[in-house]
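Read through the structure below, which is laid out as structure tokens, and then see the notes.
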DNA sequence: TGCTACTATGTTACCGGTAACATCGTTAGG
DNA sequence: CCTAACGATGTTACCGGTAACATAGTAGCA
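Protein chains in written order, with the numbering used here: chain X, 1 to 338; chain F, 1001 to 1338.
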């Protein structure tokens, strides 16, 4: 195991093996048109010198960087982090590296695009929550891109999203099935597709149950716990009547529960609460949170697969994936009394 | 704004501006030895063609990729995610991109090193929790590296860590100050420096208070909530007596509280619990968690700064940073009754 | 005025790979 | 036995930048 401090090149190996650098190139690319004897000599030289092909040079010659970038509003929200983890794992499996950047707003986003895409560093892009702001419009048309968290749209961009409408239906159904009729809805920012679609699911189930939508029972948050807290505070102050809440994510659900408890209401005895995400410690809150589980890791994996296909097979038609959700019943919901 | 589909090169610009490609190179590198008139012609051509320098080619010519990699056991633990976010932000500020990979074990880690470092893709490495397993030994000596979460060691590697010993002291002091004398300690895996150092801080404060260490009051977890739960279960089954717990991270603290409550013990009336991290929803648990806040984002920033220095100034001596912690008192601790 | 020194710009080579084509020796078929 | 075809290997050019050196023109000074 030689202690290579400085880089060995393909030509060093060639000299050492007594062949041309091209023959070495053939060996490392598994090109069979090399005789077994030569092959062995080359392999021996590679081992002796501890040679490793330089990915940058290869990328240069091939015009391919074998690198993707994933742009996320942030890296710390569990949902994003987990999608990124799935994307990274799958990328490496396919021989790609993954660069990451968080872009809280679309100006930063534009800078990142320039840094990562226009500069030729990456050959594909995964964008989480592209409709959180105007960032979806800042993506060069020429770069293969997968959107995560959007419903299918026109244009040459793949997408992966939760089955948001089904999720909205499932949560609403669960609460309706428990006898709740006044179900408040706590949405994410209404610019985002998932907020809209989850609401559509909610509405459709209410209608199917013969209930009329009550606009005063719907409020938008920003996915954070405090925004859930604030929304519930508002409802309570307005003396709006409800027996259940469907929060479109777990953090807002937690904030909502906090506000309820602070007001002396018991969860689930007085108000049932359903979240969405099944974040890691969801079962450790008081009460343990009933929620919808989404396979965020799987979403990341799926996004990368789409991107690999888009990069390696540009002619193929764009795809739009919808990932299932699953209801996890814990302690924050119960049958409506009376 | 031309709709560049295919890449414009420096020579295209040169032709368009009627100069040599080298002159274009000078302009984009802000080399002043170009006359104002020529400079303008070049800039005009760049704008007209929408030219952007290719980072790969530049990296190739310079032998520098301007890319770092961050290797973490996973991306979803808030602590890691937040460090990575800090590292990424700071990296872009200095003109570097950041690749990420999660490596749950040291075999994966070795593969990643090969993929990212040996291949020449990255010129610097940030390794989170290098002593979680044998991964610290798998890093080529030639690549500038910063360890996060280790105490300073011999060798040519920078490090950033929490002031773990001080953190252990602070938590213990807080509980001692509340009159607790039988303080249980829930550590992370003992292979990790931070577990050891936090314990050292704990011990030193107990001794300073004239209390003797009781080995039965110390158990190791794996940072997860269930491991905290299990440890407390064990203590309770063994009828071991304690009035407070210092859990070395928040998740274990949450698990511990869960076990206590399940056994009918009240937190903080019967047992006080201190965590460490101040993870996002720490204040939303029941009771709100008293904990030590660490500036994980700042740790990531600091790590990147060290790495930039190490890369750009290889001769300089290695540095070891220690980041402060801060006590956040909430509802999970109170004065020991009687 | 002639020569040096400096400024602005061009030319060539190189980074470390790969592609395309060239060459040479051997084997198979007419 | 001659030659086409093929297999193994080498040579050259190129990817898109940068460095090093070369050159031409101009200004400064004896």
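All C-beta atoms, glycine included, are put in the ideal place defined by N, C-alpha and C.
CB contact flag (residue i, residue j, <7 Å)
i: residue 131(X); j: residue 168(X); result: no
i: residue 1059(F); j: residue 56(X); result: yes
i: residue 1288(F); j: residue 1255(F); result: no
i: residue 135(X); j: residue 109(X); result: yes
i: residue 17(X); j: residue 41(X); result: yes
i: residue 318(X); j: residue 156(X); result: yes
i: residue 116(X); j: residue 61(X); result: no
i: residue 28(X); j: residue 21(X); result: no
i: residue 1263(F); j: residue 1236(F); result: yes
i: residue 118(X); j: residue 1052(F); result: yes
Rounded Cβ spacing between residue i and residue j (contact assumed at less than 8 Å)
i: residue 1217(F); j: residue 1171(F); result: Not confirmed; about 14 Å, so no contact.
i: residue 307(X); j: residue 144(X); result: 6 Å
i: residue 175(X); j: residue 244(X); result: 5 Å
i: residue 328(X); j: residue 290(X); result: 7 Å
i: residue 1321(F); j: residue 1302(F); result: 5 Å
i: residue 44(X); j: residue 71(X); result: That belief does not hold up - the Cβ atoms of residue 44(X) and residue 71(X) are roughly 44 Å apart, past 8 Å.
i: residue 193(X); j: residue 1286(F); result: Not really, about 34 Å apart at Cβ, beyond 8 Å.
Residues near residue i in its chain [Cβ-Cβ closer than 8 Å; skip 5 each side]
i: residue 1334(F); result: 1178, 1268, 1269, 1272
i: residue 1005(F); result: Note that residue 1005(F) has pLDDT 43, beneath the 50 cutoff, so the model's placement of it is unreliable and the number below is only indicative. Once the five neighbours on either side are set aside, residue 1005(F) has no close Cβ partner at all.
i: residue 1325(F); result: 1162, 1163, 1166, 1167, 1170, 1276, 1292, 1293, 1294
i: residue 205(X); result: 168, 169, 172, 173, 176
i: residue 54(X); result: 7, 9
i: residue 1283(F); result: 1289, 1330
i: residue 191(X); result: 131, 132, 133
i: residue 238(X); result: 216
i: residue 323(X); result: 160, 161, 162, 163, 294, 295, 298, 299, 302
6 Å Cβ shell around residue i - same chain, five flanking residues per side excluded
i: residue 1001(F); result: Its pLDDT being 28, under 50, residue 1001(F) is placed unreliably by the model, and the measurement read from it follows with that caveat. Excluding sequence neighbours, residue 1001(F) sits near nothing in its chain.
i: residue 1187(F); result: 1195, 1199, 1220, 1248
i: residue 88(X); result: 98
i: residue 1278(F); result: 1291, 1293, 1328
i: residue 231(X); result: 186, 219, 221
i: residue 1257(F); result: 1267, 1273
i: residue 90(X); result: 301, 304
i: residue 1146(F); result: 1126, 1158, 1303, 1306, 1307
Sequence-distant residues of the same chain with beta carbon closer than 7 Å to residue i, five excluded per side
i: residue 1067(F); result: 1096, 1097, 1099, 1121, 1122, 1123
i: residue 1341(F); result: One cannot answer for residue 1341(F) here, as it falls past the ends of chain F, which runs 1001 to 1338.
i: residue 3(X); result: Here residue 3(X) scores only 30 on pLDDT, less than 50, and its place in the model is too uncertain to base an answer on.
i: residue 1038(F); result: 1019, 1023
i: residue 104(X); result: 73, 74
i: residue 1085(F); result: 1297, 1300
Nearest candidate by alpha-carbon position, reference residue i, set the options
i: residue 148(X); options: 26(X), 82(X), 92(X); result: 82(X)
i: residue 1315(F); options: 1337(F), 1294(F), 1158(F); result: 1158(F)
i: residue 1222(F); options: 1137(F), 1129(F), 1013(F); result: 1129(F)
i: residue 139(X); options: 111(X), 337(X), 309(X), 284(X); result: 111(X)
i: residue 209(X); options: 93(X), 173(X), 324(X); result: 173(X)
i: residue 161(X); options: 92(X), 299(X), 336(X); result: 299(X)
i: residue 1214(F); options: 1191(F), 1225(F), 1189(F), 1241(F); result: 1241(F)
i: residue 1225(F); options: 1251(F), 1030(F), 1048(F); result: 1251(F)
i: residue 76(X); options: 284(X), 41(X), 106(X), 280(X); result: 280(X)
i: residue 1050(F); options: 1284(F), 1227(F), 1012(F); result: 1012(F)
i: residue 1305(F); options: 1284(F), 1239(F), 1092(F); result: 1092(F)
i: residue 211(X); options: 113(X), 182(X), 192(X), 197(X); result: 182(X)
i: residue 126(X); options: 229(X), 337(X), 310(X), 317(X); result: 310(X)
i: residue 107(X); options: 313(X), 282(X), 137(X), 197(X); result: 137(X)
i: residue 227(X); options: 263(X), 238(X), 189(X); result: 189(X)
i: residue 1229(F); options: 1104(F), 1207(F), 1261(F); result: 1261(F)
i: residue 1064(F); options: 1312(F), 1323(F), 1336(F); result: 1312(F)
i: residue 1336(F); options: 1035(F), 1031(F), 1180(F); result: 1180(F)
(request) Closer than 7 Å, Cβ to Cβ, to anything on chain X: give me those residues from the stretch 1261-1295 of chain F, in chain order. (result) Only those residues of the stretch 1261-1295 of chain F whose C-beta falls short of 7 Å from the nearest C-beta of chain X are listed: 1281, 1284, 1285, 1286.
(message) By the 8 Å beta-carbon criterion, what residues does the stretch 42-67 of chain X contribute toward chain F?
(response) Correct list: 52, 53, 54, 55, 56, 57, 59, 60, 65, 67.
(request) Determine which residues of the stretch 1116-1127 of chain F have a Cβ less than 8 Å from any Cβ of chain X, and write them out in chain order. (result) So the list reads 1116, 1118, 1119, 1120, 1121, given in the order they occur along the chain.
(message) Give me the subset of the stretch 222-246 of chain X whose CB atoms are less than 7 Å from a CB atom of chain F, sorted by chain position.
(response) The residues in question are 225.
(request) Select from the stretch 1086-1104 of chain F all residues with a C-beta closer than 8 Å to any C-beta belonging to chain X, and list them in chain order. (result) Cβ contacts with chain X: 1088, 1089, 1092, 1097, 1098, 1099, 1100, 1101, 1102.
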